[in-house]
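Trainee:
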Amino acid sequence: MLKSATQKRHLIMLSMLCLVPVGTLAAMSTQGRTDAAGPCEIRATKQAGMVTLDALVHADRTAGGTYSFRIEKSGGGGSSTVSQGGAFETGAGQSAPLASVSVDAKGSAYSAVLEGELAGKTFRCTAKSGV
Numbered sequence: 063m064l065k066s067a068t069q070k071r072h073l074i075m076l077s078m079l080c081l082v083p084v085g086t087l088a089a090m091s092t093q094g095r096t097d098a099a100g101p102c103e104i105r106a107t108k109q110a111g112m113v114t115l116d117a118l119v120h121a122d123r124t125a126g127g128t129y130s131f132r133i134e135k136s137g138g139g140g141s142s143t144v145s146q147g148g149a150f151e152t153g154a155g156q157s158a159p160l161a162s163v164s165v166d167a168k169g170s171a172y173s174a175v176l177e178g179e180l181a182g183k184t185f186r187c188t189a190k191s192g193v
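Under our numbering, think of the first position of the sequence shown as 63, with each following residue one higher.
1) Please report how far the alpha carbon of TYR172 lies from the alpha carbon of ASP116, in whole angstroms.
2) Would GLU151 be called buried (16 or more neighbouring beta carbons within 10 Å of its own) or exposed?
3) Report all residues from its chain with a CB closer than 6 Å to the CB of LYS190; omit the five preceding and five following residues, and keep chain order.
4) Go through its chain and collect everything with a Cβ distance to SER157's Cβ below 6 Å, but skip five positions before and after it.
5) Select from LEU180, VAL165 and ARG186 the residue whose C-alpha is nearest the C-alpha of GLU134.
6) Can you tell me which of the three DSSP states ASP122 falls into?
7) Out of curiosity, what's the CA-to-CA distance linking GLY178 and ARG105?
Pasting the structure below:
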């Protein structure tokens, strides 16, 4: 049993301090990624001053479709737009890599959109980062 208001405050502060790292880890684990529970995902990986954006589609059965992957990058080195697209096929329970683009991570921002059709259903995923 807590005996004083000071003990109650200390307990509340301690509880909050324990929750901050949990919230931070949750935010870090989703930064640069889209909802992987859907049929598509844009995975961002930082390495050696670059960010690689991988476009993936997930299927629970063998299926085919089409996709469009568009990245807009802006920053200190100027701006650029990259567009890729085409047809794809994926096996049951597999993820199909559709495209991969690397952009400079230093002082730049990007916006990526992956959209298409898989087994007759449309999908759309987005990812972005700020400077």
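Beta carbons: idealized from backbone N, C-alpha and C, even for Gly.
Mentor: By the coordinates alone:
1) 13 Å
2) exposed
3) SER173
4) LEU118 and HIS120
5) VAL165
6) coil
7) 17 Å
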